[in-house]
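Student: Letter by letter, the sequence shown follows residues -18 to -1, 1 to 336 in mature numbering (1 follows the signal peptide of the UniProt record, and there is no 0). Glycine residues also receive a C-beta, built at the ideal position from the N, C-alpha and C atoms. These numbers were taken from a predicted model, which means no experiment stands behind them.
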Amino acid sequence: MKALVALILLVQLPIHKAVPAAPPAPLGCDDPESEAAAEVAVNYINGHSHHGYKFALNRIEDIRVVPQGPNNDIIFLELDLLETKCPILSPTPLANCTVRSFAEHAVEGDCDVKLQKVDGTLSVIASKCHSHADSREDLLKVCPDCSPLARMNNTEVLETVSAALNDYNSKTTHSYLRLLEIGRAKIQYHPGHVVFTEFAVGATNCSAEEAKANVGACQLLPEDQSNFGFCTAVLVKSPSQDLQVDCQLYGHQVPAPDIPLPSWPGVTYAHPGQDTSAGLAPSAVGTTNHNLGLFHNNPVASESSSSEILRSMLSAKSVAKRAVAEAAQHDKVPRPVGFVPPPPCPGKIRHFDI
């Protein structure tokens, strides 16, 4: 009898079901974790870009996190970048590089980046980027007196770069400089006719004096002695004529272990037979800016399927939809006083929108 009473009392006890832990709230584009991932991504992009200029973060367009296990996440980023005034060869830290203003005919970069975060450490698995200059029409609409970018194979541009380099080499007492690539150029027609150019250079194994005797024998310094630099030139063609040239050499730099020197901008060690006498990479002929056409897989990344970034980005969108539903359920959980939900995506604009 006592056993029967005990059983009845046991059945009448309230049953408490285990409540599943609420999923973590999705990251906002301006969260510190998102910005940390974007910083790693931008440094990776600049470190593997071979032409033109460094790019700075303008906006985090979207972020998606796909958990892989304990302390192991895959992160997908969509980034909006802007071209800076620092050549890709420059040792100047990105934090000290000035973003080109809208009036200088800005260049925007769009990047998809896949990262992995293991035990708090971020690494880039793959990245895909392209860039484009703001439209000529948009520039002139806002700034009618601004000069848009000129094509880098424009005859006046090529003549200006050649005249500037000849002028510099005729006056220097140091190494003879050879043209690596033209970075950008603009032509002004009013009130005077002026050509503005920027171009990368490399020191050769000849002095400027030796080059006068046999310039054809002057080759870029070998990899372990390389010395690259950057020049700006302004050629006034009318109403008077004047040429101003300024060149700066950066000194020998040791590249990161995963960035071999033959891949550095404009350096032709790995491309014998390619004509770079005009300072134009094949992808830059007929264009106004160097395209940030980066499609790079990290060979040392911990995930082997890095080449599937686009397919992964698509699958991540379906995961993101599930995350939204989970977040909606998560929002029903009581919040502490003062709780502020993460900001939505896209994130804040750091410089300007084009």
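Please look up how many angstroms separate the CB atoms of residue 346 and G165, rounded, as I've assumed it's under 8 angstroms.
Tutor: The question about residue 346 has no answer, for the chain in this structure spans -18 to 336.
Student: Can you give me the C-alpha to C-alpha distance between S144 and I70, rounded to a whole angstrom?
Tutor: By 1-based counting over the sequence shown, the position of residue 144 is 162. By 1-based counting over the sequence shown, the position of residue 70 is 88. Whole-angstrom Cα-Cα distance: 22 angstroms.
Student: Which residues mark the beginning and the end of the alpha helix (DSSP H) in which Y150 is found?
Tutor: For the purposes of this step, residue 150 is identified with residue 168 of the sequence shown, where counting begins at 1. That run of the alpha helix (DSSP H) goes 137 to 153.
Student: Output the boundary residues of the alpha helix (DSSP H) element that contains A23.
Tutor: On the sequence shown, position 41 is the one that residue 23 refers to. A23 -> alpha helix (DSSP H) spans 14 to 30.
Student: Short of 6 angstroms in beta carbon distance, which residues of its chain neighbour D62, apart from the five on each side in sequence? Order them along the chain.
Tutor: Here residue 62 refers to the residue found at position 80 of the sequence shown. Taken in chain order, the residues that qualify are N40, R41, E43.
Student: The alpha helix (DSSP H) that contains R118, what's its start and end?
Tutor: The residue you call residue 118 lines up with position 136 of the sequence shown. Where R118 is concerned, the enclosing alpha helix (DSSP H) stretches over 118 to 124.
Student: Can K67 be considered in contact with the ligand GDP, in the sense that its beta carbon sits closer than 7 angstroms to one or more heavy atoms?
Tutor: The ligand GDP is not part of the structure shown, which contains no ligands of any sort.
Student: In angstroms with no decimal places, state the Cα-to-Cα distance between P254 and K110.
Tutor: For the purposes of this step, residue 254 is taken as residue 272 along the sequence shown, with counting starting at 1. For the purposes of this step, residue 110 is taken as residue 128 along the sequence shown, with counting starting at 1. Note that P254 has pLDDT 31, beneath the 50 cutoff, so the model's placement of it is unreliable and the number below is only indicative. Spanning the two alpha carbons is a distance of roughly 27 angstroms.
Student: In this structure, how does DSSP classify A193 when only helix, strand and coil are distinguished?
Tutor: On the sequence shown, position 211 is the one that residue 193 refers to. Of the three classes helix, strand and coil, the one that applies to A193 here is helix, per DSSP.
Student: Could you tell me the distance, in whole angstroms, from the CA atom of E180 to the CA atom of N28?
Tutor: One-based indexing of the sequence shown puts residue 180 at position 198. One-based indexing of the sequence shown puts residue 28 at position 46. Between E180 and N28, the C-alpha separation is close to 19 angstroms.
Student: Within 10 Å of its beta-carbon, does Y171 have 16 or more other beta-carbons around it, so buried, or fewer, so exposed?
Tutor: Against the sequence shown, residue 171 aligns to sequence position 189. Answer is exposed; the Cβ neighbour count stays below 16.
Student: So, are the CB atoms of L162 and A185 less than 8 angstroms apart?
Tutor: One-based indexing of the sequence shown puts residue 162 at position 180. One-based indexing of the sequence shown puts residue 185 at position 203. No, they are not a contact pair.
Student: How is residue 357 classed by DSSP in three states: helix, strand or coil?
Tutor: No statement about residue 357 is possible, as the shown extent of the chain runs from -18 to 336 and does not include it.
Student: Check whether the Cβ atoms of L9 and I45 lie closer than 8 angstroms to each other.
Tutor: As a position in the sequence shown, residue 9 is number 27, starting the count at 1. As a position in the sequence shown, residue 45 is number 63, starting the count at 1. Yes, the pair counts as a contact, with Cβ atoms nearer than the cut-off.
Student: Going by DSSP in three states, A132 sits in which element: helix, strand or coil?
Tutor: The count along the sequence shown starts at 1 and reaches residue 132 at position 150. Note: A132 maps to coil in three-state DSSP.
Student: Report, in whole angstroms, the separation of the C-beta atoms of P328 and C11, which I expect to be a contact under 8 angstroms.
Tutor: Start at 1 with the first residue of the sequence shown, and residue 328 comes out as number 346. Start at 1 with the first residue of the sequence shown, and residue 11 comes out as number 29. About 6 angstroms separates the two Cβ atoms, so the contact holds.
Student: Are the CB atoms of S129 and I169 within a distance shorter than 8 angstroms?
Tutor: To locate residue 169, count along the sequence shown from 1; it is residue 187. To locate residue 129, count along the sequence shown from 1; it is residue 147. Closer than 8 angstroms, so yes.
Student: With E90 as the anchor, note down where its beta strand (DSSP E) starts and where it stops.
Tutor: Taking the sequence shown and counting its residues from 1, the one referred to as residue 90 is at position 108. Counting along the chain, the beta strand (DSSP E) containing E90 begins and ends at 89 to 100.
Student: In whole angstroms, what separates the C-alpha of F334 from that of A23?
Tutor: Sequence index remark: in the sequence shown, residue 334 carries index 352 (1-based). Sequence index remark: in the sequence shown, residue 23 carries index 41 (1-based). About 20 angstroms.
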